[in-house]
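Residue numbers (the working numbering): 1038 to 1156. Glycine is no exception: its CB is placed at the ideal position from the N, C-alpha and C atoms. One structure is given below, encoded as structure tokens.
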């Protein structure tokens, strides 16, 4: 298994719960601040290629930036490439945390999903 990459935001309680779960279960990971160092376009494309997530699932729909940019109305008209480029440039638009080892991925934190994927 490749090194696990964790993209989170330390002020987010969901991200803190996810990081704690990984640590408590002995899962080693490299942490990235999602706002300063969002996942690359290549990482986002791999997540989408897995078939487990749709493009809209990668957006933080409850985020301030999502609302300020009126993404609810803009997203349906955007190309997939433009949406991925936008996400890779704006970590606050991305649903968090993202955990990936290149083959397996989780977006957001649900304990049962973490257990099945990383446990």
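Taking the alpha carbon of residue i as the reference point, which residue from the options has its own alpha carbon closest?
| i | options | result |
| --- | --- | --- |
| residue 1077 | 1118, 1148, 1152, 1098 | 1118 |
| residue 1093 | 1144, 1101, 1059, 1055 | 1144 |
| residue 1085 | 1147, 1137, 1148, 1099 | 1137 |
| residue 1128 | 1095, 1056, 1041, 1064 | 1095 |
| residue 1066 | 1140, 1121, 1051, 1056 | 1056 |
| residue 1040 | 1049, 1064, 1051, 1050 | 1064 |
From residue i to residue j, what does the alpha carbon distance come to, in whole angstroms?
| i | j | result |
| --- | --- | --- |
| residue 1112 | residue 1061 | 37 Å |
| residue 1153 | residue 1080 | 21 Å |
| residue 1038 | residue 1134 | Residue placement at residue 1038 is poorly supported in this model, since its pLDDT is 46, which falls under 50; the coordinates still yield a value, given next. Taking the straight line joining both Cα atoms gives about 20 Å. |
| residue 1171 | residue 1104 | In this structure the chain extends from 1038 to 1156, so residue 1171 is not present and cannot be described. |
| residue 1120 | residue 1148 | 28 Å |
| residue 1053 | residue 1074 | 17 Å |
| residue 1150 | residue 1082 | 20 Å |
| residue 1140 | residue 1090 | 13 Å |
| residue 1110 | residue 1124 | 16 Å |
So who's on the other strand from residue i, going by DSSP bridges?
| i | result |
| --- | --- |
| residue 1101 | In the DSSP output, where bridge partners are listed per residue, residue 1101 has none listed. |
| residue 1069 | 1044 |
| residue 1143 | 1136 |
| residue 1131 | 1096 |
In its own chain, which residues sit with a C-beta less than 8 Å from the C-beta of residue i, not counting the 5 before and 5 after it?
| i | result |
| --- | --- |
| residue 1100 | 1129, 1130 |
Would you grab the beta carbon distance between residue i and residue j for me? Rounded to a whole angstrom, and I think it's under 8 Å.
| i | j | result |
| --- | --- | --- |
| residue 1043 | residue 1072 | About 14 Å separates the two Cβ atoms, so there is no contact after all. |
| residue 1015 | residue 1097 | Within the shown structure, residues of the chain are numbered from 1038 to 1156, placing residue 1015 beyond reach of any answer. |
Can you name, in chain order, every residue of its own chain whose Cβ lies under 7 Å from the Cβ of residue i, other than the five neighbours on each side?
| i | result |
| --- | --- |
| residue 1087 | 1142 |
| residue 1156 | 1062 |
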